[in-house]
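Just below is one structure, and these are the notes that go with it.
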Amino acid sequence: MTHRVAVLDKELCQPKKCGLECIKYCPVNKSGADCIILNEEIKKAQIDEDICNGCGICVKVCPFDAITIVNLASELATDKIHQYGQNSFRLFRLPTPKKGEVVGLLGRNGMGKSTVINILSGNVKPNLGKYNDPPDWDEILKYYSGTELKSHFEQIRDGQIKASIKPQQVSQIAQVFEGTGKELLEKYDERGVSNQLTKELGLENSLEQNLKELSGGELQRLAVAVAVSKDADFYFFDEPSSYNDVFQRTRVAKTIQNLTKIGKTVMVVEHDLTLLDFLSDYIEVLYGEPAVYGIVSGILSTKVGINVFLDGYLPSENVRFRDKKFTFDVSSSTTEFQEGNEIIKYPALEKKYPSFSVSIESGKVRKGEVVGIMGANALGKTTMMKMIAGVEKPDSGKIDKKVKIAYKPQYLQNDIDVEVVSVLDKANGNPIEGSQEEEQIIDPLKIKKLYNKSIKNLSGGELQKVAIVSCLLQKVDLYALDEPSAFLDVEERIAIAKFIQKFVRSFEKSAIVIDHDIQLMDLISDSMVIFEGTSGVEGHATSPLSKTEAMNRFLRSLDISFRRDEKSFRPRVNKLDSRLDKGQKESGNFYYRR
122 MTHRVAVLDK ELCQPKKCGL ECIKYCPVNK SGADCIILNE EIKKAQIDED
172 ICNGCGICVK VCPFDAITIV NLASELATDK IHQYGQNSFR LFRLPTPKKG
222 EVVGLLGRNG MGKSTVINIL SGNVKPNLGK YNDPPDWDEI LKYYSGTELK
272 SHFEQIRDGQ IKASIKPQQV SQIAQVFEGT GKELLEKYDE RGVSNQLTKE
322 LGLENSLEQN LKELSGGELQ RLAVAVAVSK DADFYFFDEP SSYNDVFQRT
372 RVAKTIQNLT KIGKTVMVVE HDLTLLDFLS DYIEVLYGEP AVYGIVSGIL
422 STKVGINVFL DGYLPSENVR FRDKKFTFDV SSSTTEFQEG NEIIKYPALE
472 KKYPSFSVSI ESGKVRKGEV VGIMGANALG KTTMMKMIAG VEKPDSGKID
522 KKVKIAYKPQ YLQNDIDVEV VSVLDKANGN PIEGSQEEEQ IIDPLKIKKL
572 YNKSIKNLSG GELQKVAIVS CLLQKVDLYA LDEPSAFLDV EERIAIAKFI
622 QKFVRSFEKS AIVIDHDIQL MDLISDSMVI FEGTSGVEGH ATSPLSKTEA
672 MNRFLRSLDI SFRRDEKSFR PRVNKLDSRL DKGQKESGNF YYRR
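Per this note's numbering, the very first residue in the sequence shown carries number 122; after that it's consecutive.
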């Protein structure tokens with residue numbers, strides 16, 4: 122027996138621009154039944170899941186990729202927790218909150234993490250899939266009888282649970298709150314901890330400023346401080362790492378962990394695996410089909426949960442949810458670069474601003490090489506990239522102008538009402554559809570279905586992928602990518618890291634990548650430049666170093682040591698002051714034991 126899911130992306134469905142192929146070619150329609158019709162009210166296609174035979178013809182003939190049909194095991198039909206409407210997203214099962222522990226939610230974007238947060242915090246009442254006739258609390262509680270979630274929902278029903286949520290889009294806070302960081306924090310500080318949090322999260326210089334003047338990282342840490350300072354039973358943090366450097370991420374992790382020490386229940390959604398590993402006591406994996414359906418796994422230990430996710434296979438339920446597993450390369454760098462094969466050589470560079478200066482040791486980038494740049498925020502990493510890209514002029518040191526460079530900035534503009542396909546045509550210099558570049562870049566990164574969407578309607582992750590692709594489509598020698606991981610989920614991060622590396626090697630190009638996701642940088646870099654100094658005052662960059670030397674130096678400054686996971690070979694953070702941690706630090710080997 123199968124349980125059928127038919128989902129329509131209403132934004133992609135454009136009946137005025139197509140020949141209604143889905144209705145015309147549906148075999149059930151041809152036999153006289155109404156399986157697919159045009160809903161006159163919303164002027165979109167509508168699919169009857171009960172009579173759909175799952176043949177998938179409508180999926181293939183839709184010119185806009187707007188339809189997804191999936192056949193699921195029938196057992197899941199009884200596990201449906203919420204569905205938004207006909208032909209729309211549905212969620213199966215819920216994660217279980219644990220008092221005094223951090224439960225990490227790990228899964229792709231579009232798997233229902235926001236739905237989970239809304240249901241468990243009491244903002245949305247689960248409808249058990251009955252969107253036309255939502256159940257009352259008695260029916261919901263009966264469904265959950267005998268489970269840990271029953272008492273949680275009883276407390277929601279009785280208004281006894283107070284939830285504190287750190288939202289994903291922190292930039293929106295500045296749009297809705299007029300005033301300074303200090304005013305915002307004092308308004309919500311029910312636990313009397315604002316002074317302590319200001320120190321813990323390094324917000325001393327941010328509080329007097331108006332929210333609109335704060336950087337992304339400052340807003341993110343302020344949002345974490347506001348969420349932690351509320352007196353709640355249940356705390357949710359949706360992607361607390363974005364915009365923060367590794368040092369700030371560690372501070373955020375420790376602040377969140379402190380909540381469990383006072384018996385609070387915490388859930389975290391995070392795509393930086395290093396941070397999630399460091400932060401979580403347990404993991405629940407969300408899998409399924411993005412924007413179609415999401416299924417929540419049972420509770421797993423942190424190590425097992427992350428490895429299950431990377432494997433794409435859930436042994437406890439005998440479910441394979443991805444056809445390939447993600448592996449990490451054990452060697453420090455797999456490529457030997459020939460001397461004299463440089464794409465660019467740059468001399469020692471300096472740049473001074475009224476209150477900030479940066480100095481950069483000389484270096485070179487070779488053909489087929491990816492140079493990773495790591496360091497705290499506000500040390501001049503983006504300035505270095507801009508000087509090499511010719512966007513900024515150094516005060517001393519001259520850059521060889523003969524090298525063509527494409528630059529993907531850190532902050533992306535999404536306020537233009539232009540279709541994605543025309544942005545890609547422009548970057549490519551020729552129409553992208555049917556071109557060789559479409560096959561080489563667009564297809565592997567799966568952004569073809571975004572062609573007809575407007576830039577201003579893209580999600581953060583979609584916008585990031587379009588920006589990366591626009592950069593790689595340009596006919597240049599060196600690609601400079603500033604924070605390509607922002608807003609991408611774990612799968613997308615690993616896929617893009619591997620793709621950039623393969624692309625650069627295959628076409629004998631080079632790339633410079635700035636990012637704060639240690640796992641991504643470990644995966645993508647052949648050599649690394651490390652930035653040191655005092656944030657916002659002065660920064661200093663090393664020459665490109667071997668990955669082992671660079672990572673050792675960087676991790677030492679963080680006072681963190683890494684080992685290799687024996688199964689997936691991914692870098693794992695040692696628990697602070699554990700036997701492994703102490704042993705590695707004493708031997709000076711902060712970066713994996715081989």
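Beta carbons are placed, not taken as given, at the ideal position from N, Cα and C, and that holds for glycine.
For residue i, does the three-state DSSP call read helix, strand or coil?
{"i": "Asn710", "result": "coil"}
{"i": "Thr455", "result": "Low confidence applies to Thr455: its pLDDT is 47, below 50, so where it sits in the model is not reliable, and the reading given next is rough at best. It is coil, neither helix nor strand."}
{"i": "Val652", "result": "Here residue 652 is Phe; the residue named in the question, Val, does not match the sequence. The answer is strand: DSSP assigns Phe652 an E or B state."}
{"i": "Pro278", "result": "Note on identity: in this sequence residue 278 is Arg, with Pro being the wrong assignment. Residue state, collapsed to three classes: helix."}
{"i": "Ile576", "result": "helix"}
{"i": "Leu249", "result": "coil"}
{"i": "Glu613", "result": "helix"}
{"i": "Leu602", "result": "strand"}
{"i": "Ser418", "result": "strand"}
{"i": "Leu394", "result": "helix"}
{"i": "Phe628", "result": "coil"}
{"i": "Lys234", "result": "helix"}
{"i": "Lys488", "result": "coil"}
{"i": "Lys219", "result": "coil"}
{"i": "Glu463", "result": "strand"}
{"i": "Ser152", "result": "coil"}
{"i": "Glu132", "result": "coil"}
{"i": "Leu446", "result": "The question names Leu, but residue 446 is Lys in the sequence shown. Correct three-state label for Lys446: coil."}
{"i": "Arg125", "result": "strand"}
{"i": "Ala497", "result": "coil"}
{"i": "Leu533", "result": "coil"}
Report all residues from its chain with a CB closer than 8 Å to the CB of residue i; omit the five preceding and five following residues, and keep chain order.
{"i": "Val630", "result": "At residue 630 the sequence reads Lys, which differs from the Val that was named. Ile464, Lys488, Gly489, Val597, Asp598, Leu599, Tyr600 and Phe624, listed in sequence order."}
{"i": "Leu666", "result": "Ser648, Met649, Val650, Ile651 and Arg674"}
Starting from residue i, trace the beta strand (DSSP E) in both directions and tell me its first and last residue.
{"i": "Met505", "result": "Unbroken run through Met505 is the alpha helix (DSSP H), Lys502 to Ile509; no beta strand (DSSP E)."}
{"i": "Ile144", "result": "Where Ile144 is concerned, there is no enclosing beta strand (DSSP E), although the alpha helix (DSSP H) it sits in stretches over Glu142 to Tyr146."}
{"i": "Lys201", "result": "Lys201 to Gln204"}
{"i": "Leu407", "result": "Tyr403 to Glu410"}
{"i": "Val479", "result": "Ser478 to Ile481"}
{"i": "Arg211", "result": "Arg211 to Phe213"}
{"i": "Gly267", "result": "That residue, Gly267, is in no beta strand (DSSP E); it is neither H nor E in DSSP."}
{"i": "Glu471", "result": "Leu470 to Lys473"}
{"i": "Val165", "result": "Before going further, note that residue 165 is Lys rather than Val in the sequence given. Looking at the DSSP string, the run of the beta strand (DSSP E) that includes Lys165 is Lys165 to Ile168."}
{"i": "Gly660", "result": "Glu659 to Ala662"}
Within a Cβ cutoff of 6 Å, which residues of the same chain sit near residue i, ignoring the five residues on either side of it in sequence?
{"i": "Asn710", "result": "none"}
{"i": "Asp432", "result": "Lys446"}
{"i": "Glu659", "result": "Ser478"}
{"i": "Asp636", "result": "Glu604, Ser606 and Met642"}
{"i": "Gly415", "result": "Leu212, Met232, Gly233, Leu407 and Gly409"}
Mind reading off the beta-carbon distance from residue i to residue j? Whole number of angstroms is fine, and I expect it under 8 Å.
{"i": "Val182", "j": "Glu142", "result": "4 Å"}
{"i": "Gly501", "j": "Ser646", "result": "Actually they do not touch by this definition, with Cβ atoms about 19 Å apart."}
{"i": "Leu679", "j": "Tyr712", "result": "The pair is not a contact, with the Cβ atoms about 11 Å apart (cut-off 8 Å)."}
{"i": "Leu159", "j": "Thr217", "result": "Actually they are not in contact, since the Cβ atoms of Leu159 and Thr217 sit about 42 Å apart, beyond 8 Å."}
{"i": "Ser480", "j": "His273", "result": "Their Cβ separation, rounded to whole angstroms, is 55 Å, which puts Ser480 and His273 out of contact at 8 Å."}
{"i": "Ile427", "j": "Asp398", "result": "6 Å"}
{"i": "Ile509", "j": "Ile526", "result": "7 Å"}
{"i": "Tyr264", "j": "Gly206", "result": "At roughly 20 Å, the Cβ-Cβ gap does not stay under 8 Å, so Tyr264 and Gly206 are not in contact."}
{"i": "Leu609", "j": "Val590", "result": "Between Val590 and Leu609 the Cβ distance is about 13 Å, and since that is not below 8 Å, they are no contact."}
{"i": "Ser575", "j": "Asp538", "result": "5 Å"}
{"i": "Glu583", "j": "Leu593", "result": "About 16 Å; that fails the 8 Å criterion."}
Give the range of the alpha helix (DSSP H) segment to which residue i is assigned.
{"i": "Ile645", "result": "Ile639 to Ile645"}
{"i": "Phe728", "result": "No information on residue 728 is available, as it lies outside the stretch 122 to 715 that the chain covers here."}
{"i": "Leu262", "result": "Trp258 to Tyr264"}
{"i": "Lys181", "result": "Ile178 to Val182"}
I'd like the list of long-range same chain contacts for residue i, defined as Cβ closer than 7 Å, with 5 residues on each side in sequence excluded.
{"i": "Glu275", "result": "Leu262"}
{"i": "Gly302", "result": "Leu324, Ser327, Leu328, Gln330, Leu332, Leu335 and Leu343"}
{"i": "Gln289", "result": "Asp359 and Glu360"}
Just checking: is the beta-carbon of residue i within a distance shorter than 9 Å of some beta-carbon in chain B?
{"i": "Asp279", "result": "You won't find chain B in this structure, because it holds only one protein chain."}
(request) Could you name each continuous beta strand (DSSP E) segment of 3 residues or more that falls completely within the stretch 286 to 372, going from the start of the chain to the end? (result) 355 to 359
(request) Pick out the complete alpha helix (DSSP H) segments inside the stretch 671 to 709, 4 residues or longer, and give them in chain order. (result) 700 to 707
(request) Go through the stretch 539 to 597 residue by residue and report every complete run of the alpha helix (DSSP H) that reaches 4 residues or more, in order. (result) 541 to 549 and 581 to 594
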